[in-house]
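Engineer: Protein chains in written order, with this note's numbering: chain R, 61 to 287; chain E, 812 to 1034.
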C-alpha cells in the first residue's frame, strides 16, 4: 500500500475543530495517522502546512495539506465516495445543512466562548444572548426532526451532528470547571435530547476528550486568561 | 420544467452582487427584488426569519440564505460555467480562500468605521491580509480560480468593485498598485470579465452612499 492514500491529521486533543475531522474520518472508515501538536510550541511541519493560520486541524492527504475544519469535512466527503455520506444528496437539503452549520459556527460558538470568558454583568448578558440564539436554533431544528426525537445509529451521523458534537461535547467539563450550564433541557428540549442521543453513539464517545483532563485544562485557561 | 428563480437583494451590498454575478455567469433567468433594508418586506422576513438579511435566493418557492451557501447551491443546481474546479483538492483550496475572505472582511470594515490611531491600526492589519492574498492566494495566477474566475474571485469581488470607493470615503489608500501589483492587476481583470462587467454598481452613486455612511458613523463615534 505504501504512500498511496496516506492521511495524516495534525491536531490537539482538546480542540473541538480537530474532533470534527476525527469523527468524519472514523465514520468513513478512513485509516489515518494522528499527530498531536503542542500549540505553545508548534512544529515546523504544522507551520509549513498551514502558514496562513498556523492552526489545527490540518489534514494532509498524499502530501497535500488542507486547513479549516469545515473545508476539510467537505473534502473528505468529496474524496472518499464509498461508505456513509455526511451530507444529504439533494442540493436544497445540503443548503439547509450548510446554513445551520454556519449558524452554529458563527452564532453559537462565539456566544458560548463569550459566556465562558465573562463574569458579572457581561456574563449575564452573554448567557441571555446565548439562550436566545439557542432558541432560534431549536426552532430551526424542528424542520430536521419532525418526529421530535433524534435517534441514531452510527451510519446516520452527518455534518450537523458532527458540528453539534464539537460544540456541546464539552459541556459536562464546562459545567464542572466553571459552573457554566449552556444547555437547559426545559428551554431547549430538542437540542438537549439530540446532544444526549449523540453522546451515546460509539464514534462520538470514542473521540470525547478525557473528562478530568478537560476540566483541568478549562480551569488552567481560566486562571491564565489575559485580562 | 424550469422553476422560478427570485433574488432578494439590496444595492449596493457586495453580498447581493455575489449572487447577481453567479446568476449572470451561469446565464440563469431570475426576477430581482430590491429590498429597502430600513423597511424590510414581509417576503424577506418570511424567507429569512433567522437573520432577516439579503441576499436570499428563492428557487421554486424554496429560500436559501447566506451568500456562500447560495453559491454552493447554485453550483450544484446549475453546473454550467462552473465556479468550482473538479478536483477535490483544488475545490478545498477555493473554499479555504473564500472562507479567508469572509473571515477577514471585518478587518477591512474596521478602516471604514474608525478614525485616527484606531484607523491606522486597522489599515495596517488590512494590508497584512492583502499581502497574504497577493502572495499566497493569488500568486502568479490570472484569477484566484486559475485561468477563469471562480468562487474565490466572486467572494473577493468586493475588493475590485468596492474597496477603492471605501478607501476614498474613509480617506486612506490600502490597495496601492506598487505595493500589490498582482492584486491590482486582478482588480482590472475582474472588472472586465463578461458577466461581471455588466453587473458592477455605479461608482459615483456608491461614493455618495459610502461618504454619507462614513459621516454618520464618525458622528456617532466621535465624542
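Glycine included, C-beta positions come from ideal geometry on N, C-alpha and C. Keep in mind the model is a prediction, meaning the values are calculated, not measured.
Would residue 875(E) pass as a contact of residue 821(E) if the rule is Cβ separation under 7 Å?
Structural biologist: No.
Engineer: Short of 8 Å in beta carbon distance, which residues of its chain neighbour residue 62(R), apart from the five on each side in sequence? Order them along the chain.
Structural biologist: Interpretation of residue 62(R) is limited by its pLDDT of 46, a score under 50 that renders its predicted location unreliable; the figure taken from the coordinates is listed afterwards. Shown here for residue 62(R): not one same chain residue has a beta carbon closer than 8 Å to its own, the five before and five after excluded.
Engineer: Under 8 Å, with one C-beta from each stretch per pair, do the stretch 994-1013 of chain E and the stretch 829-849 of chain E reach the 3-pair mark?
Structural biologist: yes
Engineer: With burial defined as no fewer than 16 other Cβ atoms inside 10 Å of the residue's Cβ, what is the status of residue 858(E): buried or exposed?
Structural biologist: buried
Engineer: Let's see if you can read the secondary structure: which residues bound the alpha helix (DSSP H) around residue 156(R)?
Structural biologist: 151-163
Engineer: List, in order along the chain, the chain E residues whose C-beta lies closer than 7 Å to that of residue 151(R)?
Structural biologist: 884, 887 and 888
Engineer: Count the CB pairs spanning the stretch 911-923 of chain E and the stretch 954-974 of chain E that are closer than 8 Å, and state whether there are at least three.
Structural biologist: yes
Engineer: Of all the options 148(R), 77(R) and 139(R), which has the alpha carbon lying nearest to the alpha carbon of residue 898(E)?
Structural biologist: With distances taken between Cα atoms, residue 898(E) lies closest to 139(R).
Engineer: Determine the chain R residues that contact residue 825(E) at a beta-carbon separation under 9 Å, and present them in chain order.
Structural biologist: The premise fails here: residue 825(E) is roughly 18 Å from chain R at the closest Cβ pair, so nothing lies under 9 Å.
Engineer: Name the residues in the stretch 207-238 of chain R whose C-beta lies less than 7 Å from a C-beta of chain E; which are they?
Structural biologist: none
Engineer: Quick one: measure Cβ to Cβ for residue 84(R) and residue 164(R), integer angstroms, because I've assumed they're closer than 8 Å.
Structural biologist: In fact, because the Cβ distance is near 15 Å, the residues do not count as touching under 8 Å.
Engineer: For the putative contact between residue 823(E) and residue 1027(E), defined by C-beta atoms under 8 Å, what is the C-beta separation to the nearest angstrom?
Structural biologist: Between residue 1027(E) and residue 823(E) the Cβ distance is about 16 Å, and since that is not below 8 Å, they are no contact.
Engineer: Please list the residues of the stretch 124-149 of chain R that have a C-beta atom closer than 7 Å to any C-beta atom in chain E, keeping them in chain order.
Structural biologist: Correct list: 124, 126, 127, 128, 131, 134, 135, 138 and 139.
Engineer: For residue 877(E), name the three-state secondary structure that DSSP assigns.
Structural biologist: coil
Engineer: Using a C-beta cutoff of 7 Å, does residue 155(R) count as contacting chain E?
Structural biologist: yes
Engineer: Is it true that the CB of residue 198(R) sits closer than 7 Å to the CB of residue 250(R)?
Structural biologist: Annotated as proximal: residue 250(R) and residue 198(R), with beta-carbon spacing under 7 Å.
Engineer: Okay, do the stretch 189-208 of chain R and the stretch 235-247 of chain R touch, 3+ Cβ pairs below 8 Å being the bar?
Structural biologist: Cβ pair count under 8 Å is three or more, so yes.
Engineer: Classify residue 126(R) as helix, strand or coil using the three-state DSSP reduction.
Structural biologist: strand
Engineer: What do you get for residue 849(E), buried or exposed, if any count of 16 or more other CB atoms within 10 angstroms of its CB means buried?
Structural biologist: exposed
Engineer: Using 8 Å for Cβ pairs, my map puts residue 886(E) next to residue 893(E). What's the rounded Cβ distance?
Structural biologist: Taking 8 Å as the upper bound for CB-CB distance, residue 886(E) and residue 893(E) are in contact here, some 7 Å apart.
Engineer: If you reduce the DSSP assignment to three classes, tell me which class residue 119(R) lands in.
Structural biologist: strand
Engineer: Which residues, taken in chain order from the stretch 158-185 of chain R, show a beta carbon closer than 8 Å to some beta carbon of chain E?
Structural biologist: 158, 159, 162 and 163
Engineer: Using a Cβ-Cβ distance cut-off of 7 Å, determine whether residue 264(R) contacts chain E.
Structural biologist: no
Engineer: Can you list, in chain order, the residues of its chain with a C-beta nearer than 7 Å to that of residue 154(R)? Leave out the 5 residues immediately preceding and following it.
Structural biologist: 147 and 148
Engineer: Nearest by alpha-carbon distance to residue 867(E): which of 839(E), 888(E), 826(E) and 836(E) is it?
Structural biologist: The residue with the shortest Cα to Cα distance from residue 867(E) is 826(E).
Engineer: Would you mind listing the beta strand (DSSP E) stretches within the stretch 943-1015 of chain E that are 3+ residues and don't spill past its ends, in chain order?
Structural biologist: none
Engineer: Excluding sequence positions up to five away, which residues of its chain have a Cβ less than 7 Å from the Cβ of residue 955(E)?
Structural biologist: 908, 948, 949, 961, 963, 964 and 967
Engineer: Can you tell me the Cα-Cα spacing of residue 104(R) and residue 854(E), whole angstroms?
Structural biologist: Rounded to the nearest angstrom, the two C-alpha atoms are 52 Å apart.
Engineer: Should residue 219(R) and residue 182(R) be called a contact, given that it needs their Cβ atoms to be closer than 7 Å?
Structural biologist: no
Engineer: Who are the Cβ neighbours of residue 958(E) in its own chain at under 8 Å, not counting the five residues just before and after it?
Structural biologist: 952
Engineer: Mind checking who residue 271(R) pairs with in its DSSP beta bridge?
Structural biologist: Per DSSP, none; premise fails for residue 271(R).
Engineer: Applying a beta-carbon distance threshold of less than 9 Å, which residues of chain R neighbour residue 937(E)?
Structural biologist: Result: empty, since nearest Cβ-Cβ is about 16 Å, beyond 9 Å.
Engineer: Can you find a C-beta in chain R that's less than 7 Å from the C-beta of residue 928(E)?
Structural biologist: At a cut-off of 7 Å between C-beta atoms, residue 928(E) does not count as an interface residue with respect to chain R.
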